[in-house]
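Going line by line, the protein sequences match chains A and B.
Counting in the numbering used here, the first sequence runs from 31 upward without gaps.
Counting in the numbering used here, the second sequence runs from 5 upward without gaps.
The block underneath contains the structure these notes are about, expressed in structure tokens.
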Amino acid sequence: MSRFLRNQGWVAGLFALLIFVFVVTKLIQPGYGSGDFGSLARAVLPYAFAVAAQTVVVIAGGIDLSVAAMMALTSVTAASMMNGASEEYALFVVPFVLAMGLVLGALNGVLIVVTRVPDIVVTLAMLFVLQGAALLVLGAPGGAAAEWLKASVIGTAPIPGLPDWADAWVPKALVLLVVCLCIVWIPLRRSRLGLSIYAIGSDELAAFRSGVPVARTRIVAYALSGLFAVMGGLSLTISTGIGAPIPGPYLLASVAAVVLGGVALGGGKGGLLGPIIAVFVLRLVRTDLTLLAIDPNVTAIIEGAIMVAVVMFGAFITIRGRPVGATP
Amino acid sequence: MTDIATMPQPVSFGRRLKRFMADRPLIPLIILLIILVAILQVLRPGIVNERWIANTAKFAIPLAILAGCQTMTMLTGGIDLSVGTVATMSAFIMATQIVNQDPAVAFLLAMLPAVLIGFVNGIGVGVFRVHPLIMTLGTSLIGTGFLQVYQRTVIASGAKIPDFLNWLGIGLTYGFPNALFLFVPVAVLIVFMLNRTGFGRLLYAVGDNERAARLSGVRYWQVITALYVLSSLLAGITGLLYIGLIKAPSLSLAEPLVLPSVAAAVIGGTSIFGGRGGYTGTIVGALILTVLTTLLTILQMPEGGRRILFGFIVLFVTAAYLRIIEDR
């Protein structure tokens, strides 16, 4: 019970932090309004999916270094398939790409289970492979996205029964994010499978002895991670209108947000809400730096330093609980 | 494993071969190198001559030094992904500072970021216990940001490659590349350090069993910090050598060498989990990769295909390596 309270306390604290950063933003830029919030939500979209992808595997006690490369591959695949194709064709592209993510993610899991090579090495190798595949699909940024897909993240979602001023604060991108995450996460969290994912992350041996199918659960966790990563890649293509074969800074960002979101890097703890709020905090800090008219390159340095500091802090509190000299 | 113990059977040829390969990893590697050169000679008769060998050595040397960084960090169970950024930074700073500064001052300025990044890596990994992969990825992101800011301050002064680096990078003495003057001492130093000095033994000890090493009084964080500073320094020197070879300072100069350097160390028989391996194998690994790259270029395999191949090589070799260890 105390652990439950502590976890919820962490999420609540993060939420307070988010509100604090919002207030700071409003102070810096008194004109910060719903439109800016909409662009924040659009900017958060790929990061949030990358974080969700990382969260699932970290909870299962692993780590996925191929998240950013998977997003790049998806982005170029979707963009080059939709290039010059009809609007209706995109209806086929989206499920195809989602299936591709499930398969590639599951491949990560299968390789880890079958070769018994540690997850960090397997996903590093997959990072090379997926990056190479992305370059093969599209050598330089290009391609296109269907108009209806682009429209799905622009503007606000009309929600019946809500006054206009409140409706303006519900951007479509945010709705899309919440819907996509909830569709996968809520049934998972309530199912036996979700419990198994937490179990193998918390103590693999105990889970195995309690009859949890460890190998199968691990593969499913990586498959889900692939699915989320693919959603991130799709959202990249949708919001930029093109596909880029070079992976963005999503790997480090996802790990930083996972740590900040209260998910222990050792596995078995935390949820999805914390990391998602954390990613909003990190993005909003970036917005603030931009609003303060700081050179974008300096912003990149500060952002990188914040992420490294967060990861260092997370690692530090992880080792504090362990006896001296214990191996991770 | 248990059936081997209960059912004594004659040692099969395959197992003998595996043992042989595990005991003397250099011999199969050299055989592989010779096979690759032979294939090259068959595909392009007459290509293998004195000039080709000198050229191959020239391109293999920067890769081999960077792979040395990976070898040393991998011996402790780590990895250093910031070598590409560090090498690029040193090269870029050298090329721009030499315009107005004394060569010695420019050299010191070029080495400064290398030492700093190495130190931060070492503190993050050794004290805060961040996973080396995440830590070095983060510092390389920050380093790239700094480089971009720096680039704009020197845009007016231009850049030039000092004659000395040119001589070192592309010059030949009696048909031997001058880069050997740098590489041979570095290689001898690394091999000597790993095999004959206390520091080298500490690296193996930490990687083999961190807990035992700590309990026997190894000051973990000091060893790790020294290691990452050393690794960064070597990367910085590689950058200077590489700029003399490529002769075009850019912000992504040495980045394409990072993944191959990891692959070269893995192929050379250094375990990515720490405690096993050595530098001689890595040198052969770097040669194999350079010849392989030539081969793939002749076969007109695009960059993407090469990356995919490198990814699978890392995965396959690591998995094979695990099998060999388990069988013993």
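Glycine included, each C-beta is placed from N, C-alpha and C at the ideal position.
Here the structure is a predicted model, which is why all the values come from computation and not from measurement.
Rounded to whole angstroms, the separation of the alpha carbons of residue 260 of chain A and residue 130 of chain A is 8 Å. Contact note: residue 226 of chain B does not reach chain A at a C-beta cutoff of 7 Å; the least C-beta distance is about 15 Å. A Cβ-Cβ distance of about 6 Å is found for the pair residue 262 of chain B and residue 85 of chain B, placing them in contact under the 8 Å criterion.
Per DSSP, the beta-bridge partners of residue 186 of chain A are A:201. When only Cα atoms are considered, residue 143 of chain A and residue 155 of chain A end up about 15 Å apart.
In this chain, residue 28 of chain B is not harboured by any alpha helix (DSSP H), its DSSP state being neither H nor E. As computed with DSSP, residue 180 of chain B is found in a beta bridge with B:177. In the three-state DSSP reduction, residue 281 of chain B falls in the coil class, being neither helix nor strand.
Two segments are said to touch when three or more pairs of C-beta atoms, one from each, lie closer than 8 Å; by this definition the stretch 325-336 of chain A does not touch the stretch 118-138 of chain A.
Between the beta-carbon of residue 290 of chain A and that of residue 308 of chain A there is about 4 Å, and that keeps the pair under the 8 Å contact cut. Within the stretch 142-174 of chain B, the residues whose Cβ lies closer than 8 Å to some Cβ of chain A are 142, 143, 145, 146, 148, 149, 150, 152, 153, 156, listed in chain order.
For residue 130 of chain A, the uninterrupted alpha helix (DSSP H) segment begins and ends at 119-145.
Residue 69 of chain A has its alpha-carbon roughly 23 Å from the corresponding atom of residue 173 of chain A. The DSSP assignment places no complete beta strand (DSSP E) segment of no fewer than 3 residues inside the stretch 207-277 of chain B. For residue 66 of chain A, the enclosing alpha helix (DSSP H) begins and ends at 64-89. For the 7 Å CB-CB criterion, residue 305 of chain A and residue 328 of chain A do not form a contact. Considering only B:287, B:307, B:311, the residue with the shortest C-alpha distance to residue 73 of chain B is B:287.
Note on geometry: alpha-carbon atoms of residue 45 of chain B and residue 179 of chain B lie some 20 Å from one another. For the 7 Å CB-CB criterion, residue 186 of chain A and residue 197 of chain A form a contact. Residue 277 of chain A and residue 262 of chain A have their C-alpha atoms some 12 Å from each other. Counting C-beta pairs closer than 8 Å gives three or more between the stretch 226-244 of chain B and the stretch 75-82 of chain B, which meets the contact rule. Taking the Cα positions, residue 57 of chain A is about 55 Å away from residue 220 of chain B.
With contacts defined by Cβ atoms closer than 7 Å, residue 138 of chain A and residue 252 of chain A form a contacting pair.
The Cβ atoms of residue 103 of chain A and residue 163 of chain A sit closer than 7 Å to each other. Straight-line measurement puts the Cα of residue 122 of chain B at about 46 Å from the Cα of residue 176 of chain A. Look at the stretch 294-307 of chain B: the residues with a C-beta under 9 Å from a C-beta of chain A are 306, 307.
Measuring C-alpha to C-alpha distances from residue 151 of chain A to each of B:214, B:244, B:243, B:266 identifies B:266 as the nearest. Taking a Cβ-Cβ threshold of 8 Å, the residues of chain B close to residue 331 of chain A are 146, 149, 150, 153, in chain order. Within its own chain, the residues whose Cβ lies closer than 6 Å to the Cβ of residue 294 of chain B, once the five positions on either side in sequence are excluded, are 60, 63, 64, listed in chain order.
Minimum Cα-Cα distance from residue 98 of chain A among the listed residues A:89, A:301, A:83 corresponds to A:83. Residue 52 of chain B has a beta carbon lying at 7 Å or more from every beta carbon in chain A.
Annotation for residue 259 of chain B: 88 place their beta carbon closer than 6 Å to its own, counting only its chain and skipping 5 residues before and after. The stretch 33-88 of chain B contains, as complete alpha helix (DSSP H) runs of 4+ residues, the segments 54-79 (chain order). For the stretch 86-108 of chain A, the set of positions with a beta-carbon nearer than 9 Å to some beta-carbon of chain B reads 93, 95 in chain order.
The way I'd put it, the stretch 220-239 of chain A doesn't touch the stretch 41-60 of chain A; fewer than three beta-carbon pairs between them come closer than 8 Å. In the three-state reduction of the DSSP assignment, residue 273 of chain A falls in the strand class, which pools E and B.
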